[in-house]
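Undergrad: Residue numbers (the working numbering), protein chains in the order written: chain A, 11 to 122; chain B, 1347 to 1462.
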Amino acid sequence: SQQGEEDPQALSIQEGENATMNCSYKTSINNLQWYRQNSGRGLVHLILIRSNEREKHSGRLRVTLDTSKKSSSLLITASRAADTASYFCATPVGGTASKLTFGTGTRLQVTL
Amino acid sequence: NAGVMQNPRHLVRRRGQEARLRCSPMKGHSHVYWYRQLPEEGLKFMVYLQKENIIDESGMPKERFSAEFPKEGPSILRIQQVVRGDSAAYFCASSPSLAGGVDTQYFGPGTRLTVL
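1. Output needed in chain order: residues of the region 1388–1404 of chain B with a Cβ under 7 Å from some Cβ in chain A.
2. Looking only at its chain, what residues have a beta carbon closer than 7 Å to the beta carbon of residue 1417 of chain B, apart from the 5 residues adjacent to it on each side?
3. Three or more C-beta pairs under 8 Å: does that hold for the region 55–65 of chain A against the region 33–45 of chain A?
4. So the beta strand (DSSP E) residue 65 of chain A belongs to, where does it begin and stop?
5. Please check if any C-beta of chain A sits within less than 7 Å of the C-beta of residue 1456 of chain B.
6. Apart from the five residues on each side of it in sequence, which residues of its chain come closer than 8 Å, Cβ to Cβ, to residue 64 of chain A?
7. What did DSSP end up calling residue 1348 of chain B once you bin it into helix, strand or coil?
8. Count the CB pairs spanning the region 49–56 of chain A and the region 23–36 of chain A that are closer than 8 Å, and state whether there are at least three.
9. Alpha carbon to alpha carbon, how far is residue 1406 of chain B from residue 1376 of chain B? Give it in angstroms, no decimals.
10. Residue ranges of each beta strand (DSSP E) run of no fewer than 3 residues wholly in the region 1361–1430 of chain B, ordered along the chain?
11. How would you write the range of the beta strand (DSSP E) that residue 43 of chain A sits in, first residue to last?
12. Hey, how far is the Cα of residue 1421 of chain B from the Cα of residue 1380 of chain B?
13. Counting only beta-carbon separations shorter than 7 Å, does residue 114 of chain A have a partner in chain B?
14. Does the beta-carbon distance from residue 1451 of chain B to residue 1362 of chain B come in below 7 Å?
15. What is the residue span of the beta strand (DSSP E) that residue 120 of chain A lies within?
16. I'd like to know whether the C-beta of residue 1411 of chain B is nearer than 7 Å to at least one C-beta of chain A.
Laid out in structure tokens, this is it:
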């Protein structure tokens, strides 16, 4: 079964708008990570948030983590066409970093 | 500082042939992970290796698939007697250590395997 499930599956916005993606997971974690994948390319690590953190910022990215609800959100502010990609949340299985479980991703389309 | 390198980027095989996928981790990284991604899906963990050791192969099919990470040279994911269902993108990731139990995995560009 999927450890991470992203919502929505697809999101289309205009340049300059904010994009919010959500991720839910099932088991206890010690960290949650967000990755971006451009079409036909590998994954790029965006941000890692630990279980004892509630919010983290990196540039135009803001990630929140609610361990009581087993959910996380990724906010991209002032989106750009270059942000068009699929975004995945990933959690380490069994509390270790040895393997990551990915959700099915949110496909973000940013139009001019 | 080169990132994770994978080759080939694209591989076409006929049913029954063998596929060999190579992964060179980032310099200084001793942990390698292989993942498989089917179209429109997320990545699925296959195997985790350190130099000369398979640490976790719980995501790898028991038959036809094998992986190695020798003392010298790249990590190899080998698929014998490929079938159409093996068509997917195979990604390799590497990390430097598990110090503190948390480490970022850096991904390669992937190998897209097509089985005819």
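Using N, Cα and C, we set each Cβ at its ideal position, and we do this for glycine too.
TA: With the structure as the only source:
1. Residues passing the 7 Å Cβ filter: 1388, 1389, 1391, 1394, 1401, 1402.
2. For the purposes of this step, residue 1417 of chain B is identified with residue 71 of the second sequence, where counting begins at 1. In its chain, beyond the 5 residues on either side, 1397, 1398 have a beta carbon closer than 7 Å to the beta carbon of residue 1417 of chain B.
3. Taking 8 Å as the limit for Cβ pairs, the verdict is that the region 33–45 of chain A does touch the region 55–65 of chain A.
4. On the first sequence, residue 65 of chain A is found 55 positions in, with the first residue counted as 1. It spans 65–68 - the beta strand (DSSP E) in which residue 65 of chain A sits, taken as one unbroken run.
5. Sequence index remark: in the second sequence, residue 1456 of chain B carries index 110 (1-based). Output row for residue 1456 of chain B: interface = yes.
6. The sequence position of residue 64 of chain A within the first sequence is 54, counting from 1. Taking C-beta separations shorter than 8 Å and ignoring five residues to either side along the sequence, the partners of residue 64 of chain A in its chain run 74, 75, 76, following chain order.
7. Translated into the one-based positions of the second sequence, residue 1348 of chain B becomes position 2. Residue state, collapsed to three classes: coil.
8. The region 49–56 of chain A is not in contact with the region 23–36 of chain A.
9. Walking along the second sequence from the start, residue 1376 of chain B turns up at place 30. Walking along the second sequence from the start, residue 1406 of chain B turns up at place 60. Cα-Cα distance, rounded: 20 Å.
10. Qualifying beta strand (DSSP E) stretches, in chain order: 1365–1370, 1377–1383, 1389–1396, 1399–1402, 1411–1414, 1421–1425.
11. Within the first sequence, the letter at position 33 stands for residue 43 of chain A. Segment 41–47, the beta strand (DSSP E) holding residue 43 of chain A.
12. By one-based count along the second sequence, residue 1421 of chain B stands at place 75. By one-based count along the second sequence, residue 1380 of chain B stands at place 34. Near 9 Å, if we compare the C-alpha coordinates of residue 1380 of chain B and residue 1421 of chain B.
13. Looking up residue 114 of chain A in the first sequence gives position 104. Closer than 7 Å to some Cβ of chain B, the Cβ of residue 114 of chain A qualifies, so yes.
14. By 1-based counting over the second sequence, the position of residue 1451 of chain B is 105. By 1-based counting over the second sequence, the position of residue 1362 of chain B is 16. In this structure, residue 1451 of chain B sits away from residue 1362 of chain B, with a CB-CB distance that is not shorter than 7 Å.
15. Taking the first residue of the first sequence as position 1, residue 120 of chain A is located at position 110. Per DSSP, residue 120 of chain A is one residue of the beta strand (DSSP E) stretching across 116–121.
16. One-based indexing of the second sequence puts residue 1411 of chain B at position 65. By this cut-off, residue 1411 of chain B is not an interface position.
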